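In what follows, a single structure is set out as structure tokens and then discussed.
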């Protein structure tokens, strides 16, 4: 199942996707799409010492909004996106997708 999902994502990432790697070296965007970070004692999903300020670090976890991963990434100088920000972005895209052109809610 994971391989099928990665094959769908690969074109959007110029073919560079990597499942389950703890080493973010060489990537522009690092997304934690696991439950790691929902509990205070969870391990970090990647080796944060390998994050660089040129990277964007994002988390899909909405609670807690500020996960240890995002805090560590920010301390390394990364731009970050919280799970709440990611969720809000998805909701906006869904509203745009499902609302017909010209409908009053589309412009809201």
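Numbering (my numbering), first residue to last: 4 to 111.
Heads up, the beta-carbon is just placed ideally off N, CA and C, and yes, glycines get one too.
The model shown is predicted, which means the values in this text are computed figures rather than measured ones.
Point to revise | Extent of the continuous alpha helix (DSSP H) run through residue 33 | key: Within the chain shown, residue 33 is the residue found at index 30, counting from 1. Unbroken run through residue 33 is the beta strand (DSSP E), 32-35; no alpha helix (DSSP H).
Exercise for review: Out of 104, 86, 58, point me to the one whose CA is closest to residue 27's CA.
Suggested key: Taking the first residue of the chain shown as 1, we reach residue 27 at position 24. Nearest C-alpha to residue 27: 58.
Practice item. Give me whichever residues DSSP pairs with residue 84 in a beta bridge. Key: As a working note, residue 84 is residue 81 in the chain shown. Per DSSP, 61.
Point to revise | Terminal residues of the alpha helix (DSSP H) in which residue 75 lies | key: As a first step, residue 75 must be located in the chain shown, where it is residue number 72. Its alpha helix (DSSP H) spans residues 71-78.
Review point. Would you call the segment 45-54 and the segment 71-89 touching, i.e. three or more CB-CB distances under 8 Å?
Key: yes
Practice item. Work out the CA separation of residue 35 and residue 70 for me, nearest whole Å. Key: The residue given as residue 70 occupies position 67 in the chain shown. The residue given as residue 35 occupies position 32 in the chain shown. Residue 70 and residue 35: Cα-Cα distance of roughly 10 Å.
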